[in-house]
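Participant: Sequence lines, in order, name chains S and G. Each residue of the first sequence is one higher than the one before, starting from 2 at the first, in our numbering. Each residue of the second sequence is one higher than the one before, starting from 2 at the first, in our numbering. Cβ atoms here follow ideal geometry from the backbone N, Cα and C, with glycine treated the same way. Bear in mind that the values here come from a model prediction, so they are computed numbers and not experimental data. Please read through the structure below; I'll follow up with questions.
There are 2 protein chains.
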Amino acid sequence: MRIGILGTGVVGQTLAEALANKGHEVTIGTRAPQETLARTEADMYGRPPFRVWHEQHPSVAFGTLAEAAANAEVVVNAITGGGSLEGLKAAGEANLAGKVLLDVANPLDFSHGMPPSLFVCNTDSLAEQIQAAFPTARVVKSLNTMTASVMVDPKSLAGGDHTVFVSGNEAEAKATVSELLRELGWTDILDLGDLTSARGAEMVLTIWVSIMGALQTPRSNIKIVR
Amino acid sequence: MRIGILGTGVVGQTLAEALANKGHEVTIGTRAPQETLARTEADMYGRPPFRVWHEQHPSVAFGTLAEAAANAEVVVNAITGGGSLEGLKAAGEANLAGKVLLDVANPLDFSHGMPPSLFVCNTDSLAEQIQAAFPTARVVKSLNTMTASVMVDPKSLAGGDHTVFVSGNEAEAKATVSELLRELGWTDILDLGDLTSARGAEMVLTIWVSIMGALQTPRSNIKIVR
Chain S
2 MRIGILGTGV
12 VGQTLAEALA
22 NKGHEVTIGT
32 RAPQETLART
42 EADMYGRPPF
52 RVWHEQHPSV
62 AFGTLAEAAA
72 NAEVVVNAIT
82 GGGSLEGLKA
92 AGEANLAGKV
102 LLDVANPLDF
112 SHGMPPSLFV
122 CNTDSLAEQI
132 QAAFPTARVV
142 KSLNTMTASV
152 MVDPKSLAGG
162 DHTVFVSGNE
172 AEAKATVSEL
182 LRELGWTDIL
192 DLGDLTSARG
202 AEMVLTIWVS
212 IMGALQTPRS
222 NIKIVR
Chain G
2 MRIGILGTGV
12 VGQTLAEALA
22 NKGHEVTIGT
32 RAPQETLART
42 EADMYGRPPF
52 RVWHEQHPSV
62 AFGTLAEAAA
72 NAEVVVNAIT
82 GGGSLEGLKA
92 AGEANLAGKV
102 LLDVANPLDF
112 SHGMPPSLFV
122 CNTDSLAEQI
132 QAAFPTARVV
142 KSLNTMTASV
152 MVDPKSLAGG
162 DHTVFVSGNE
172 AEAKATVSEL
182 LRELGWTDIL
192 DLGDLTSARG
202 AEMVLTIWVS
212 IMGALQTPRS
222 NIKIVR
């Protein structure tokens, strides 16, 4: 499958590598590719600059947001929550039309310090804002409730016995995303319903931050026991 | 231990019965006891009127909110979210002073129809509002993330292999609540931190409602795998 990943942060890199390893044709995109490649400093988490990752992953094509989206069958929004709407605009409405848009971003607001709050929640969600702004995209919310290394390798945590949620208005789009999730190793894929259910999935982030603090690791996840 | 349960709904009844069965001296309170006893119709869930439950549970004392709180060492807020602050006021600030106040309520707002939204979240919580209104009470948030029958009998679901959260500003108050939780059968009690972490615990309700819809049962719970 041709997959365009929007965003070159740790989430974008991790998803791009994992999906390329599964045999998909992956392009990762960023707003200003030359600027991103020119960076020489480590990022805020101490990770090496993008160009190091880029050199180590020759099978992942690299370009603008529009280039990543243009050729894709599935587009992944791995841009920061606050930058998502602008980034998707740069990707281009025509390049998103009719495509599955897997939104893994969270509407985190760091402007009031730590812990972050959400800039949209309760009666709306980032996923719904994206769907409203790009009505012809087929938005599916998923994978936003765990850290990147768990997203792409659930079996590395508790043998994979935990849950990933999907929300979206179209059964077929959710089925496409669920197939990708199964390829990554997910076995408990819980369909929460239409895209309004992304509110709850995004609101999980608030307790997730507390849990990360309590456990002193981002490597935990929710299992829905029933 | 002397425990006062505020609220005679399904949550209050379930907690009162379970804690009395563990040997605690339990009083359940409501705003207008004679009115509550006089009801003859089933409640909105089809449950029999309170007086039937009351007759079946002679070991649980019954009185006003103030009477339930006055003699208690631990007070449980099992009033609806929207009625909590007013109900606690009726219980009386002096009757709450210095006591552990276990808040199991959720700030659900049904005024815009189903599914409910939250009337406070993100940068504040019901638990924090209660703490601010009753600064000498020792508020602990817990048990609000699952249905009543699971609260009091976690082993009845997946053998008890799932998680209950506690949030509060005082370690000793959280220890008291945790001891009660262990008596009920909880083994994975996760301390999220101070009372601001109740925001995340309350915001779980939004996804909880979707999960209940997806699974067609309220009998599920979160296990934090790590």
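Between which two residues does the beta strand (DSSP E) containing Val165(S) stretch?
Facilitator: Thr164 to Gly169
Participant: Chain S partners of Thr148(G), CB-CB under 9 Å?
Facilitator: Near Thr148(G) there are no residues of chain S at all, since even the closest Cβ is about 11 Å away, more than 9 Å.
Participant: With DSSP collapsed to three states, give me the class of Lys156(S).
Facilitator: Of the three classes helix, strand and coil, the one that applies to Lys156(S) here is helix, per DSSP.
Participant: Where does Phe51(S) land, buried or exposed, given buried means 16+ other C-beta within 10 angstroms?
Facilitator: buried
Participant: Assuming the contact rule is C-beta atoms closer than 8 Å, Glu74(G) and Arg3(G) should be a hit. Round their C-beta distance to whole Å, please.
Facilitator: 5 Å
Participant: List, from N- to C-terminal side, the alpha helix (DSSP H) runs of 4 residues or more that fit wholly inside the segment 57-86 of chain G.
Facilitator: 66-71
Participant: Contact criterion: CB-CB distance below 8 Å. Does Thr207(G) meet it with respect to chain C?
Facilitator: Reference to chain C is not applicable here, since the protein chains of this structure are S and G.
Participant: Name the chain S residues whose beta carbon is nearer than 8 Å to that of Ser179(G)?
Facilitator: Residues of chain S whose Cβ lies closer than 8 Å to the Cβ of Ser179(G) do not exist, since the nearest Cβ in that chain is about 14 Å away.
Participant: Output needed for Val11(G): all residues of its chain with C-beta closer than 6 Å, excluding positions within five of it in sequence on either side, in chain order.
Facilitator: Ala149
Participant: Can you confirm whether Ser112(S), when its beta carbon is compared against all beta carbons of chain G, has any partner nearer than 8 Å?
Facilitator: no
Participant: Which residues of chain G have a Cβ atom closer than 9 Å to the Cβ of Arg220(S), listed in chain order?
Facilitator: Arg227
Participant: So Ser168(S) and Leu193(S) are in contact, right, with Cβ under 8 Å, and what is the actual spacing, rounded?
Facilitator: 5 Å
Participant: Nearest by alpha-carbon distance to His25(G): which of Val101(G), Val61(G) and Pro49(G) is it?
Facilitator: Ranking Val101(G), Val61(G) and Pro49(G) by Cα distance to His25(G) puts Val61(G) first.
Participant: Can you grab the Cα-Cα spacing for the pair Val178(G) / Val165(G), in whole Å?
Facilitator: About 11 Å.
Participant: Taking Thr124(S) as the query, report the chain G residues whose CB atoms sit under 8 Å from its CB, ordered along the chain.
Facilitator: His113 and Ser118
Participant: Would you be able to state if there are at least three C-beta pairs under 8 Å between the segment 28-48 of chain G and the segment 205-225 of chain G?
Facilitator: Flag = no, the segment 205-225 of chain G and the segment 28-48 of chain G do not touch.
Participant: When you compare the segment 193-211 of chain S with the segment 185-200 of chain G, are there three or more beta-carbon pairs, one atom per stretch, that lie closer than 8 Å?
Facilitator: Touching, per the Cβ criterion.
Participant: According to DSSP, is Glu186(G) helix, strand or coil?
Facilitator: Before going further, note that residue 186(G) is Gly rather than Glu in the sequence given. Note: Gly186(G) maps to coil in three-state DSSP.
Participant: If you reduce the DSSP assignment to three classes, tell me which class Thr218(G) lands in.
Facilitator: Three-state result, Thr218(G): coil.
Participant: Are the segment 105-124 of chain S and the segment 63-82 of chain S touching by the rule of at least three beta carbon pairs closer than 8 Å?
Facilitator: yes
Participant: Starting from the beta carbon of Asp162(S), find every residue of chain G whose beta carbon is closer than 7 Å, and list them in chain order.
Facilitator: Val226
Participant: Express the C-alpha separation of Gln14(S) and Pro155(S) in angstroms, rounding to a whole number.
Facilitator: Roughly 17 Å between the two C-alpha positions.
Participant: If you draw a straight line from the C-alpha of Ala17(S) to the C-alpha of Thr207(G), how long is it?
Facilitator: 31 Å
Participant: Only counting the same chain, and skipping five residues up and downstream in sequence, which positions put a Cβ closer than 6 Å to that of Glu171(G)?
Facilitator: Arg139
Participant: From Thr188(G) to Ala95(S), what distance separates their C-alpha atoms?
Facilitator: 52 Å
Participant: Where do the ends of the alpha helix (DSSP H) carrying Leu144(S) lie?
Facilitator: Per DSSP, Leu144(S) belongs to no alpha helix (DSSP H) and is neither H nor E.
Participant: To the nearest whole angstrom, what separates the beta carbons of Leu7(S) and Ala69(S), a pair I think is in contact under 8 Å?
Facilitator: 6 Å
Participant: Given the structure, does Gly93(G) come close to the ligand ZN, in the sense that its CB is under 7 Å from one of the ligand's heavy atoms?
Facilitator: Ligands in the displayed structure: none, and consequently the ligand ZN is not present.
Participant: Can you grab the Cα-Cα spacing for the pair Leu158(G) / Arg32(S), in whole Å?
Facilitator: For Leu158(G) and Arg32(S), the distance between alpha carbons rounds to 48 Å.
Participant: So with Cβ pairs under 8 Å, would you call Ala21(S) a contact of chain G?
Facilitator: Not an interface residue.
Participant: Please list the terminal residues of the continuous beta strand (DSSP E) segment that includes Leu103(G).
Facilitator: Val101 to Asp104
Participant: Report the rounded CA-to-CA distance for Gly186(S) versus Val27(G), giving the unit in angstroms.
Facilitator: 48 Å
Participant: Helix or strand or just coil, what does DSSP make of Lys23(S)?
Facilitator: Of the three classes helix, strand and coil, the one that applies to Lys23(S) here is coil, per DSSP.
Participant: With burial defined as no fewer than 16 other Cβ atoms inside 10 Å of the residue's Cβ, what is the status of Met45(G): buried or exposed?
Facilitator: exposed
Participant: In its own chain, which residues sit with a C-beta less than 6 Å from the C-beta of Val205(G), not counting the 5 before and 5 after it?
Facilitator: Counting only Cβ-Cβ distances below 6 Å, and skipping sequence neighbours, we find Thr146.
Participant: Would you please verify whether the beta carbon of Ile190(G) is less than 8 Å from any beta carbon of chain S?
Facilitator: Ile190(G) is outside the set of residues whose beta carbon lies under 8 Å from a beta carbon in chain S.
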